[in-house]
C-alpha cells in the first residue's frame with residue numbers, strides 16, 4: 179500500500195479509536211455509576227435487597243457545622259453515615275468541604291419555624307420567619323453545595339402548613355433534591371406534599387438520643403433495629419454528642435444489619451408512600467425538642 183494511501187486512512191483510524199474510548203467511558207459510567215450525589219446508583223442497588231430477612235439501616239447525624247472535632251470523629255467511622263449540615267453554623271463551610279473531600283453523603287438540615295421560638299439558638303435564617311420562603315430556602319441550599327437532599331431542623335410549626343410545604347417541594351424538585359422528614363410533630367405534611375410534587379421523601383423512624391444517657395441511646399437503637407427487621411429497613415437520627423458517637427462506634431463494630439446511606443433507601447422507597455410509625459422523641463403538641 180502506498181504511503182499516500184496509509185496517510186489517508188489515519189483520520190479514519192483515529193475516529194475509530196475515539197469512538198471505542200467514548201463507548202468504553204459510557205459503559206464504565208453505567209456499570210460503576212457517577213460519583214454525583216454520594217454514589218447514589220451503587221447504593222440504590224444495595225437497597226434493592228433490603229428485606230426483613232436482610233434488613234438495612236440508614237443512620238443520619240444532624241446538626242453538623244457547630245462542632246468540627248466531633249464531625250472529624252464521625253468521619254473516622256467506617257460506615258456510610260448521612261450527615262445533616264446546618265446552613266449557617268460556625269463551621270458550615272469547613273464541614274461541607276471536609277465531607278465532600280471524604281466522599282461522604284450529606285444533606286441540608288433546614289431550619290424551619292418551630293411552635294416555640296424560644297428554642298432557636300444560632301440559626302441565622304429560619305424558613306417561615308426570616309423573609310420570603312423561597313428566598314430563604316434558596317440561600318440555605320446554596321450554603322451547602324453538593325447536598326443530596328434536605329431534612330428539617332425543628333419545624334413543628336411550618337411543617338404542618340400544606341401551602342408552605344408545597345412551595346418548598348417545588349424548589350426541591352427543580353434542584354433534584356429529595357427530603358427526609360425529621361417528624362418533630364405528628365401533624366407534619368412534609369412527605370405528603372413531597373409525594374404530591376413527585377419529590378422522593380422518607381420519614382425518620384427513631385430519634386436515638388432524645389435522652390442523652392447511653393443506656394437510653396442503646397434502647398432507641400434496638401427500636402430502630404426492630405423496625406428494620408420488621409419492614410426491611412429503618413431510618414434513625416442521632417446528633418454529634420460524645421455519648422451518641424460512642425454508642426455508634428460500639429454498634430458499628432458489629433451492627434447485625436447493613437448500614438446504608440439514606441439515599442439508598444430514598445431511591446427505592448421515597449415515592450412509594452411508605453409510612454412510618456415514629457418512635458422516640460416525637461413532639462405531640464406545642465413543644466419542640468431543643469436540639470431539633
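Residue numbers (this note's numbering): 179 to 470.
For each residue, glycine too, the CB sits at the ideal point set by N, CA and C.
Per-residue DSSP class, three states only, for residue 405
In the structure shown, residue 405 falls within a helical segment according to DSSP collapsed to helix, strand and coil.
Roughly how many whole angstroms lie between the Cα atoms of residue 443 and residue 429?
Using only the alpha carbons, I get a separation of about 20 Å.
I'd like to know if the stretch 281-292 and the stretch 321-336 are in contact, where contact means that at least 3 CB-CB pairs between them fall below 8 Å.
Three or more beta-carbon pairs drawn from the stretch 281-292 and the stretch 321-336 are found closer than 8 Å, and the two stretches are therefore classed as touching.
Reference residue 450; option with closest CA among 375, 438, 400
Of 375, 438, 400, the residue nearest in Cα terms is 375.
Supposed close pair residue 335, residue 291 - CB separation, criterion 8 Å:
Sure, about 5 Å apart at Cβ, within 8 Å.
Are there three or more Cβ pairs, one per stretch, closer than 8 Å when the stretch 312-321 is compared with the stretch 248-261?
No, because fewer than three Cβ pairs between the stretch 312-321 and the stretch 248-261 fall closer than 8 Å, the two stretches do not touch.
How about the stretch 234-253 and the stretch 417-426: do they share at least three Cβ pairs that are nearer than 8 Å?
Cβ pair count under 8 Å is three or more, so yes.
Which residue wins for smallest C-alpha separation from residue 379, given the options 353, 405, 445?
Comparing Cα positions, the closest option is 445.
Give the secondary structure of residue 220 by DSSP, where H, G and I count as helix, E and B as strand, and everything else as coil.
Any reading at residue 220 must be qualified, since the residue scores a pLDDT of 38, below 50, and its modelled position is unreliable; no value is offered.
From 361, 411, 393, 271, residue whose alpha carbon lies closest to that of residue 447
The shortest Cα separation from residue 447 among 361, 411, 393, 271 belongs to 411.
State yes or no: is the C-beta of residue 436 within less than 9 Å of the C-beta of residue 232?
Cβ atoms of residue 436 and residue 232: closer than 9 Å.
Starting from residue 444 and walking both ways along the beta strand (DSSP E), at which residues does that stretch end?
For residue 444, no beta strand (DSSP E) encloses it; the enclosing alpha helix (DSSP H) starts and ends at 440-447.
Quick one, which of 408, 404, 394, 440 has its alpha-carbon nearest residue 424's?
Nearest C-alpha to residue 424 among 408, 404, 394, 440: 394.
What is the residue span of the alpha helix (DSSP H) that residue 422 lies within?
Where residue 422 is concerned, the enclosing alpha helix (DSSP H) stretches over 420-429.
For residue 267, the nearest candidate out of 371, 413, 321, 353 (CA to CA):
The residue among 371, 413, 321, 353 with its C-alpha nearest the C-alpha of residue 267 is 321.
With distances taken Cα to Cα, identify the nearest neighbour of residue 342 among 398, 370, 325, 432.
It is 370.
Grab me the residues of residue 348's own chain with a C-beta within less than 7 Å of its C-beta, minus the 5 sequence neighbours each way, in chain order.
Shown here for residue 348: same chain residues with a beta carbon closer than 7 Å to its own, the five before and five after excluded, namely 375 in chain order.
What residues match up with residue 237 in a beta bridge as DSSP calls it?
Beta bridge pairing from DSSP links residue 237 with 414.
Have a look at the DSSP bridge pairing and note the partners of residue 283.
Per DSSP, the beta-bridge partners of residue 283 are 260.
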